[in-house]
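Read the structure below first, then the notes.
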Amino acid sequence: GAREIVAALLLAGPLHVAQLRHAIRYTQDLPAALKVAGRVRELDPRGQLTALREIQRALSERGAGLPKEFAALAAAEAVAKAMNQVGLQAEAVKLVRELKLTTAYDAVVALLRTPSNQDEPKVSAVDALAALDGRRASADLPGVIADEKERAGVRLRAINALASINSPESRAALLERLKV
Numbered sequence: 003g004a005r006e007i008v009a010a011l012l013l014a015g016p017l018h019v020a021q022l023r024h025a026i027r028y029t030q031d032l033p034a035a036l037k038v039a040g041r042v043r044e045l046d047p048r049g050q051l052t053a054l055r056e057i058q059r060a061l062s063e064r065g066a067g068l069p070k071e072f073a074a075l076a077a078a079e080a081v082a083k084a085m086n087q088v089g090l091q092a093e094a095v096k097l098v099r100e101l102k103l104t105t106a107y108d109a110v111v112a113l114l115r116t117p118s119n120q121d122e123p124k125v126s127a128v129d130a131l132a133a134l135d136g137r138r139a140s141a142d143l144p145g146v147i148a149d150e151k152e153r154a155g156v157r158l159r160a161i162n163a164l165a166s167i168n169s170p171e172s173r174a175a176l177l178e179r180l181k182v
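Basically my numbering = 1-based index in the sequence shown + 2.
Okay, here's the thing in structure tokens:
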């Protein structure tokens, strides 16, 4: 059962995400399973993102959330590594949004400001900013809309994100940028 899987995962050997997810979902000893979850640092960045997503899903199925100390440490590390790898940026930003990692807000803004010839991961970054902190996003997103060098899809997503925030600040910023 799950208890045996947790014990086996604690002992050693390579970390298997599917086993970890099962153990977290079904174990009676959740603290021990979360101790094993700390081993996600052993995985490559893509594996870390996958493991974190699966850990979050397993906890959600139990009616629990990712412990704050775990989110602050392991998740932030994994996201930081993935943000530096072009092929993983969009996935990392989506995880930031899913886990509501507000500590990664500035890293997402930096990614959004990085020149790119692709809509992804910037579209995901726009969505994440609006979800993480609407007030701060109301100040950061108007610059994206005004940037004529930015791709149209990203600028449109920023317009939609500001509209969805629906605060006095976001409405004012939107009206200011969309004046004809």
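In this text, a Cβ means the ideal position worked out from N, Cα and C, and glycines have one as well.
Contact defined as beta carbons within less than 8 Å: I believe residue i pairs with residue j. What is the distance between those atoms, to the nearest angstrom?
i, j, result
"Val95", "Val110", "6 Å"
"Leu90", "Arg48", "6 Å"
"Glu122", "Ala92", "5 Å"
"Gly114", "Met85", "Here residue 114 turns out to be Leu, not Gly, going by the sequence shown. Rounded, the Cβ-Cβ distance is 11 Å, inconsistent with contact."
"Leu36", "Leu17", "Not quite, the Cβ-Cβ distance comes to about 13 Å (not below 8 Å), so this is no contact."
Tell me which residues share the same chain as residue i and place their Cβ nearer than 8 Å to its Cβ, disregarding the 5 neighbours each side in the sequence.
i, result
"Arg138", "Tyr107 and Leu131"
"Gly136", "Ile167, Ser169 and Ser172"
"Leu184", "For residue 184 there is no data in the structure shown, the boundaries of the chain being 3 and 182."
Grab me the residues of residue i's own chain with a C-beta within less than 7 Å of its C-beta, minus the 5 sequence neighbours each way, in chain order.
i, result
"Arg27", "Ala60, Glu63 and Arg64"
"Val125", "Gly155, Val156 and Arg159"
"Leu103", "Ala73, Ala77, Ala78 and Val81"
"Val140", "The question names Val, but residue 140 is Ser in the sequence shown. Within the same chain, Ser140 has close Cβ partners Leu164, Ile167, Ser169, Glu171, Ser172 and Ala175."
"Thr116", "none"
Quick check on the burial criterion: 16 or more other C-beta atoms within 10 angstroms. Buried or exposed for residue i?
i, result
"Thr29", "buried"
"Arg43", "exposed"
"Leu180", "exposed"
"Thr52", "buried"
"Pro33", "exposed"
"Asp129", "buried"
"Val88", "exposed"
"Asp31", "exposed"
"Leu22", "buried"
"Ala148", "exposed"
"Leu143", "buried"
"Ala20", "exposed"
"Ala66", "exposed"
"Gln120", "exposed"
"Leu177", "exposed"
Could you name the residues of the same chain whose beta carbon sits closer than 6 Å to that of residue i, not counting the 5 residues immediately before and after it, in chain order?
i, result
"Val81", "Ala94, Val98 and Ala106"
"Ala127", "Val95, Val110, Leu113 and Leu114"
"Lys83", "Pro47"
"Gln50", "Val42 and Ala80"
"Ala133", "Arg99"
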